[in-house]
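Only one structure is covered here, and it is reproduced in the block below.
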Amino acid sequence: MMMRFSMKSIPPLYSLRAFEMAARKNSFTKAADQLNLTQSAISQHVKNLESFYDKKLFYRHKGKLELTPFGVEKYAELSKAFLIIENMHRASKAPDSHLKIKTPTSLTNRFLIKRVNAYNLREAPKKIEISSHWMEVDTIDFASENFDAAIVLSDGKFPDNCFCQHLFPEWLIPINDSYEGIDISQVRDLLRTLEMIHSSQDKSDWGMWAAKTIGVDELNLDRGMTFDTIDQGMTAAQHGVGVAIGDLTMISEEINSGRAKPLANIAVHSGKDYYLVSPRYSAEAEFIHDFGEFLRSNIPCLIDNDLQYIR
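Each residue of the sequence shown is one higher than the one before, counting from 30 in the working numbering.
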């Protein structure tokens with residue numbers, strides 16, 4: 030016997046998709062751009078969905094959107110559902126011989142290039158193709174970005190529809206090309222005269238390190254050179270420009286070879302770690318996990334590790 034559904038029992042798919050994208054982007058305009066619709070069309074789709082459920086999905090405050098509790102519930106359900114549909118579509122396509130992975134610029138330059146090349150030289154089931162991106166905050170949206178996985182610096186709080194592999198923590202350490210492993214009291218004095226190098230516009234790296242070592246009040250964070258990435262900051266320090274905060278994992282090979290010198294033997298955890306993140310229902314899960322395990326087994330270590338680690 031053929032089952033028949035009332036037209037009113039299931040809301041229109043295009044209205045569901047419009048709402049899901051508006052909730053994801055927190056904007057009707059951005060959702061319209063993503064779906065190649067007009068802003069008014071997105072708005073109408075959401076209104077139709079609200080009429081269907083007879084409940085509000087968004088609060089609207091002077092042009093700003095905020096999900097209602099009901100909207101939060103529906104968005105969580107729909108984001109999972111559309112991700113499953115997307116993965117079904119990918120699985121039905123001819124298998125790709127590459128995994129496309131989004132990566133942060135500094136990590137790519139300092140850590141990944143060498144290791145991805147080594148991984149691809151093995152008889153790996155799939156080759157890795159990395160796409161480096163400068164991100165003020167590391168993010169990935171698998172619904173709108175065409176990647177199989179991403180490596181991000183994060184506090185580890187990911188949506189339920191994501192699977193993550195922990196790679197390594199971010200340890201911050203001051204580096205330069207002249208002084209090495211000096212006493213913390215001497216660091217205070219030197220930082221009043223040495224050129225400070227900042228690796229982000231908010232100068233947060235120095236602030237985090239100083240807060241757990243010499244005290245933020247001991248530093249004038251307003252002075253010094255400012256770069257966009259930690260890689261640029263570390264390169265400037267290695268070239269004698271001044272002293273920068275480096276990422277221990279990224280710089281450890283240079284420290285071992287003497288091309289970079291830790292100003293003080295104290296590494297401070299930034300509060301974030303690197304993760305390999307992928308869609309939870311990905312057809313590529315086995316291959317992504319294999320790559321993650323390869324990275325975890327190829328993290329460099331310091332030869333003479335007399336560092337103090339502070340969390």
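Ideal Cβ positions, reconstructed from N, Cα and C, are used throughout, including at glycine. Every value quoted in this text rests on a predicted model; they were computed, and no experiment measured them.
| task | Could you check if MET330 is buried or exposed, using at least 16 other CB atoms within 10 Å of its CB as the buried criterion? | result | At residue 330 the sequence reads Cys, which differs from the Met that was named. Exposed.
| Could you give the distance in angstroms between the alpha-carbon of ARG309 and the alpha-carbon of LYS232? | A straight line joining the alpha-carbon of ARG309 with that of LYS232 spans about 35 Å.
| said: Can you look up ALA123 in the DSSP assignment and give me helix, strand or coil? | reply: Any reading at ALA123 must be qualified, since the residue scores a pLDDT of 46, below 50, and its modelled position is unreliable; no value is offered.
| said: Determine whether the beta carbon atoms of PRO203 and VAL270 lie at a separation below 8 Å. | reply: Going by C-beta atoms, PRO203 is not nearer than 8 Å to VAL270.
| request: Could you tell me if HIS127 is buried or exposed, where buried requires 16 or more neighbouring beta carbons within 10 angstroms of its beta carbon? | output: Its Cβ having fewer than 16 others within 10 Å, HIS127 is exposed.
| said: For CYS191 and VAL306, which I take to be in contact (beta-carbon distance under 8 Å), what is that distance rounded to the nearest angstrom? | reply: About 5 Å separates the two Cβ atoms, so the contact holds.
| said: For the structure I just gave you, are there three or more beta carbon pairs, one from the segment 144-153 and one from the segment 87-97, closer than 8 Å? | reply: With a cut-off of 8 Å, the segment 87-97 and the segment 144-153 do not count as touching, because too few Cβ pairs lie within range.
| request: Could you tell me whether the segment 160-171 touches the segment 131-141, where touching means 3 or more Cβ pairs closer than 8 Å? | output: Yes, the segment 160-171 is in contact with the segment 131-141.
| Inter-residue spacing [alpha-carbon to alpha-carbon] between ASN65 and MET279 | Cα-Cα distance, rounded: 41 Å.
| field | Backbone CA spacing between PRO40 and TYR304 [nearest angstrom] | value | Rounded to whole angstroms, PRO40 to TYR304 spans 37 Å at the Cα level.
| Residues near LEU196 by beta carbon distance below 8 Å, same chain, minus five either side | Excluding the 5 residues flanking it on each side, LEU196 has same chain C-beta neighbours closer than 8 Å at ILE180, ASP302, TYR303, TYR304, LEU305, GLY321, LEU324, ARG325 and ILE328, in chain order.
| Of the residues GLU106, ALA47, PRO291 and GLY92, which one's Cα is nearest the Cα of TYR208? | Ranking GLU106, ALA47, PRO291 and GLY92 by Cα distance to TYR208 puts PRO291 first.
| message | Whole angstroms are fine: how far does the CA of ILE295 sit from the CA of ASP335? | response | So the alpha carbons of these two residues sit roughly 9 Å apart.
| When DSSP builds the beta bridges, which residues end up paired with GLY100? | The partner list for GLY100 (beta bridge, DSSP) is empty, contrary to what the question assumes.
| field | Buried versus exposed call for GLU49 [16 or more other C-beta atoms within 10 Å across all chains shown] | value | With 16 or more other Cβ atoms within 10 Å, it is buried.
| request: Could you please give the first and the last residue of the uninterrupted alpha helix (DSSP H) stretch that includes PHE320? | output: DSSP places PHE320 in the uninterrupted alpha helix (DSSP H) bounded by 314-325.
| field | Rounded C-alpha distance that separates LEU45 from LYS241 | value | Roughly 48 Å separates the two Cα atoms.
| said: So if DSSP puts THR132 in a beta bridge, which residue, or which two residues, is it bridged to? | reply: Beta-bridge pairing links THR132 to SER161.
| ALA60, buried or exposed, once every other Cβ within 10 Å from all chains shown has been counted against 16 | Its Cβ being crowded by 16 or more others within 10 Å, ALA60 is buried.
| When DSSP labels each residue in this structure, what does ASP231 get in the three-state scheme? | Coil at ASP231, not helix or strand.
| query | For VAL166, does the three-state DSSP call read helix, strand or coil? | reply | DSSP places VAL166 in coil when its eight states are reduced to three.
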